[in-house]
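Residue numbers (the numbering used here): 12 to 158.
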Amino acid sequence: MEGIMMKAIKRILAPVDGSTPAKAALEAAVDLAEHHGADLVILNVIDDFGAYTDASDYTKLSDILYDKNRVKLEEDEAYVKSLGFDRAEIELLRGEAKDEIVSYAEAHAIDLIVVGSTGKGSIRRALLGSVSSYIVRHAHCDVLVVR
12 MEGIMMKAIK RILAPVDGST PAKAALEAAV DLAEHHGADL VILNVIDDFG AYTDASDYTK
72 LSDILYDKNR VKLEEDEAYV KSLGFDRAEI ELLRGEAKDE IVSYAEAHAI DLIVVGSTGK
132 GSIRRALLGS VSSYIVRHAH CDVLVVR
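Spelled out as structure tokens, the structure:
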């Protein structure tokens with residue numbers, strides 16, 4: 012595209028939730044990071060469900076989910092390394108996924124978010140709107156939605 016100046020892509024964010032579309036987005040993010048010589052952040056957000064349970068159950072369940080998701084993130088990091096990409100880091104946050112992803116991207120100078128078109132939580136998505144749609148509308152940077 013002659014005459015069009017492309018923005019430099021130095022940091023790419025790949026939010027993951029264990030779904031097939033998130034895996035496809037992660038693979039696309041790796042390809043883009045390799046092409047642009049960018050760093051990659053693999054991010055998972057544990058929903059903050061504290062309002063829906065009592066305090067004693069919340070702490071136990073929160074710790075179990077944190078440990079489980081940390082293991083999944085480490086598996087994603089190992090998968091990315093198996094593809095020959097070694098500039099990836101992992102982040103695990105708690106909160107509302109759509110808000111945490113958008114906030115993280117802005118706070119950490121992310122140039123591109125690569126997200127799956129749909130993820131887990133179809134009932135919640137039907138009621139509240141999809142995470143990917145929210146990210147497209149609210150992120151400060153470019154967003155690539157992968158099917």
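Idealized CB from N, CA, C, for every residue including glycine.
DSSP lists L103 as the bridge partner or partners of N55. Between P32 and M17, the alpha-carbon positions lie close to 27 Å from each other. Secondary structure note for V142: its alpha helix (DSSP H) is the uninterrupted segment V142 to H149.
Here V125 really is in contact with A36; their C-beta atoms are around 5 Å apart, less than 8 Å.
Between D153 and L123, the gap from beta carbon to beta carbon is short of 8 Å. Check the Cα spacing between D50 and each of R158, E107 and A99: the tightest is with A99.
With fewer than 16 other CB atoms across the displayed protein chains lying within 10 angstroms of its CB, S67 is exposed. The bridge partners DSSP lists for G95 come to none.
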